[in-house]
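If you're matching them up, the sequences are chains A and B in order.
If you read the first sequence in the working numbering, its first letter stands for residue 1, the second for the next number, and so on.
If you read the second sequence in the working numbering, its first letter stands for residue 287, the second for the next number, and so on.
Cβ atoms here follow ideal geometry from the backbone N, Cα and C, with glycine treated the same way.
Keep in mind the model is a prediction, meaning the values are calculated, not measured.
In what follows, a single structure is set out as structure tokens and then discussed.
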Amino acid sequence: MYHFRQALVAMRGNFTATLATLMTMTLTLLMLGFVLLLTLNVNRTLEQLESQVEVAAFLNVGTDGAALLKQVQGFPQVREAQLVSSEQVLEEMTRDSPYARDAVALVGNPFPTTVRMRVGRVEDSRVVAAAVSRLPGVQDVEYGAGYVDPTVRALTAIRAAGYGLVGLLLLGTLFNILNAVRVAMYARRNEISVMRLLGATRGFIRMPHVIEGVLLGVLAGAVALALLTPAYFELARRVQLFAPVFPVVTDPAVLAPILGGVALLGVIIGLLGSLFASRRYLQELE
Amino acid sequence: MLHREHDILLPTHAAQHLCCRGKRMIDFKHVTLEYPVTRTLALDDVSMHVGKGEFVYLVGHSGAGKSSFMNLVLKRALPSKGEVRVAGEALARYRGGRTALLRRRMGTVFQENLLLPHLNAYDNVAFALRVTGVAQREWPSRVTTALRTVGLEHKKYALPLQLSQGEQQRVAIARAIVSDPPLLLADEPTGNLDPDNSREVLKVLQNVNLRGTTVVVATHARDLVETFRHRTLTLRKGKLVRDDPYGGYAL
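Put into structure tokens, the structure is as follows:
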């Protein structure tokens, strides 16, 4: 109780530093939460892309389709492969666009026998396409390069930029906590010097400041969650309304560990920052 | 006879008499202290000892090494050469967090009383018990006894600012002795006081000594040393130049 009271006294005594630290921490946790939620949704979108992306190999006339199918099924990246005859392709095409039948009547069936493959990860589609295109009997390969590559690149870049930004903010927050604890300890320097002379352990001297760091973490985590949660659900509602193609995650069971983790990280940063700063301050006095 | 409080071994009243091996409370063996940055030789090959239960003055001009002596005993400084022992134990044994254990076995009083301004006399004295993890139920009797020893029991609710300089110093002495340390170090305890208050503080320190506590007083106050005669160690330019068992100020 004594340490807790001292922590509150220290926070009130250095109100400006405390407020600055609290704001930076809240901002960092908000950014982190935002990036994590974005990543979750990016991953979900990538998963959907992965389940839809298909690599199609068009075979030359006379190629042994069954042998080629066996060959591509041996590729580790290929999750499933299927041989589709030119007649089946024609069938599909005329189902989708009935005018194709008229064209066939004029020039015959223009569609080649095709091997369709689904890959484990969307990033693998290019590798598989390149490998399959080198196989004998393959005329051409198509894998939706027009949108898969840029999409994967853009999403990966967004994720990386987010992580980079959060990393910098975390570092900034840590320095802020170090500074706040240092200021608080400096303000208590007379008391600390008396404590040391009286034989107080380092743990006893540091305890109020460690509590201060943890309290700041808890407060920042709570404020960040209070802002982030309703903002995310509102954004998700709008995305579902205006761009339903994106599979936005709104399942509380999936979101809870992420949001809880953000709050927990706030506490951990507060704890680590205050432990480090108070230890360093006392070491300097030795 | 030691009891454990917050993982720290505290001497009990009875244990204090058993805590010191042999009869020496402070033992300096060829101790030299040179401050590395300024290369100042603060103490030069000093060998001496202070017996258990003694009252000893440490006198000398400014810069003679009195405070350095105190700093070594408190382990605020480490000897460049030689060995310092307190209560029979080499101070080199106390490293890192264990320094706190050492300091619990000695009370300290300085020229500046270092009282916490927002705490009253009672709380300032109790602070020493709080930081060493003494159970709260023991505080009232121990604090009251310490304040009675320095003659300030009636002013226990006064803030430091409401006390005279001499009274503040007596509260500082009460704080230093409330844990019943076997050793009390006082560095210029009368430096800021008028002659009357100085004599009062010296009487209190003598009373503390009569309870069995070893007392070492570093001072400039010639009249006090002459009036309240005790063994006097004289330092000059870091050297121990005189050890007078009957006291007297001779620089």
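Counting only beta-carbon atoms, is residue i nearer than 7 Å to chain B?
i: L8(A); result: no
i: F204(A); result: yes
i: R12(A); result: no
i: E284(A); result: no
i: M207(A); result: no
i: V194(A); result: yes
i: E212(A); result: no
i: N176(A); result: no
i: L197(A); result: yes
i: T47(A); result: In the sequence under discussion, the amino acid at residue 47(A) is Glu, which differs from the Thr named in the question. With 7 Å as the cut-off, E47(A) does not count as an interface residue toward chain B.
i: E191(A); result: yes
From what residue to what residue does the beta strand (DSSP E) around residue i run?
i: D550(B); result: Lying outside 287 to 537, the shown extent of chain B, residue 550(B) is not represented and no answer is given.
i: T518(B); result: 517-522
i: H316(B); result: 310-321
i: A81(A); result: 78-84
i: V115(A); result: 114-119
i: D482(B); result: That residue, D482(B), is in no beta strand (DSSP E); its alpha helix (DSSP H) goes 481-496.
i: V501(B); result: 500-505
i: Y343(B); result: 341-345
i: G393(B); result: 392-396
i: V55(A); result: 55-59
What are the start and end residues of the alpha helix (DSSP H) that includes residue i?
i: F413(B); result: 407-417
i: V359(B); result: 352-359
i: L69(A); result: 65-73
i: V509(B); result: Inspection of the sequence shows that residue 509(B) is occupied by Asp rather than by Val. Here the alpha helix (DSSP H) through D509(B) covers 508-513.
i: Q139(A); result: It is not in any alpha helix (DSSP H) - Q139(A) instead sits in the beta strand (DSSP E) that spans 138-142.
i: T250(A); result: First-last for T250(A): undefined, no H or E at that position.
i: E545(B); result: What the structure shows of chain B is the stretch from 287 to 537, and residue 545(B) is not part of that stretch, so it cannot be assessed.
i: L526(B); result: Premise fails: L526(B) lies in the beta strand (DSSP E), 525-530, not in any alpha helix (DSSP H).
i: V457(B); result: 451-463
i: L472(B); result: For the record, residue 472(B) in the displayed sequence is Ala; it is not Leu. Taken as a continuous stretch (DSSP letters only), A472(B) belongs to no alpha helix (DSSP H), being part of the beta strand (DSSP E) at 469-473.
Would you say residue i faces chain A, with C-beta separation under 7 Å as the test?
i: T418(B); result: yes
i: P297(B); result: In this prediction, P297(B) has a pLDDT of 34, which is less than 50 and means its spatial position is unreliable; what the coordinates show is noted afterwards. It does not; no Cβ of chain A falls within 7 Å.
i: R423(B); result: no
i: T394(B); result: yes
i: R390(B); result: yes
i: L405(B); result: no
i: L402(B); result: yes
i: A432(B); result: no
i: A472(B); result: no
i: G477(B); result: no
i: C305(B); result: At C305(B), the pLDDT of 40 sits below 50, so the modelled position is not reliable; the number obtained from the coordinates is stated separately. By this cut-off, C305(B) is not an interface position.
i: A412(B); result: no
i: G308(B); result: Note on G308(B): pLDDT 49, under 50, position unreliable in the model; no value is reported.
i: L519(B); result: no
i: G383(B); result: yes
How about residue i and residue j: do their beta carbons lie closer than 7 Å?
i: R515(B); j: G498(B); result: no
i: S125(A); j: V53(A); result: yes
i: T26(A); j: A184(A); result: no
i: I205(A); j: M195(A); result: yes
i: A57(A); j: V122(A); result: no
i: A263(A); j: L225(A); result: yes
i: K361(B); j: L344(B); result: no
i: N410(B); j: V487(B); result: no
i: V464(B); j: R423(B); result: no
i: L83(A); j: G62(A); result: no
i: M117(A); j: V55(A); result: yes
i: L387(B); j: S354(B); result: no
i: G199(A); j: T431(B); result: no
i: V115(A); j: L171(A); result: no
i: N495(B); j: F341(B); result: yes
i: L30(A); j: L228(A); result: yes
Report the CB separation of residue i from residue j in whole angstroms; it is logged as a contact under 8 Å.
i: L479(B); j: G452(B); result: 5 Å
i: N60(A); j: G144(A); result: About 22 Å; that fails the 8 Å criterion.
i: L470(B); j: T505(B); result: The Cβ separation is near 14 Å, so there is no contact.
i: L155(A); j: L46(A); result: 6 Å
i: M334(B); j: L519(B); result: 6 Å
Given the structure, does residue i come close to the ligand NAP, in the sense that its CB is under 6 Å from one of the ligand's heavy atoms?
i: E369(B); result: Here there are no bound small molecules, and the ligand NAP is not part of this structure.
Who are the neighbours of residue i on chain E, taking C-beta pairs under 8 Å?
i: A200(A); result: Protein chains in the displayed structure are A and B, and chain E is not among them.
Problem - Stretch-stretch touch, CB-based, cutoff 8 Å, three pairs: the segment 314-323 of chain B with the segment 235-250 of chain A - result: No, because fewer than three Cβ pairs between the segment 314-323 of chain B and the segment 235-250 of chain A fall closer than 8 Å, the two stretches do not touch.
Exercise for the section: Flag this pair as touching only if the segment 165-180 of chain A and the segment 363-370 of chain B have three or more C-beta atom pairs under 8 Å; answer yes or no. Expected result: no
Exercise for the section: Pair every Cβ in the segment 70-90 of chain A with every Cβ in the segment 12-26 of chain A, then say whether three or more of these pairs are closer than 8 Å. Expected result: no
Exercise for the section: Kindly confirm or deny that the segment 462-476 of chain B and the segment 390-397 of chain B touch, where touching means at least three C-beta pairs closer than 8 Å. Expected result: yes
Handout entry: Validate contact between the segment 158-168 of chain A and the segment 84-96 of chain A using beta carbons, cut 8 Å, 3 pairs
Key = no
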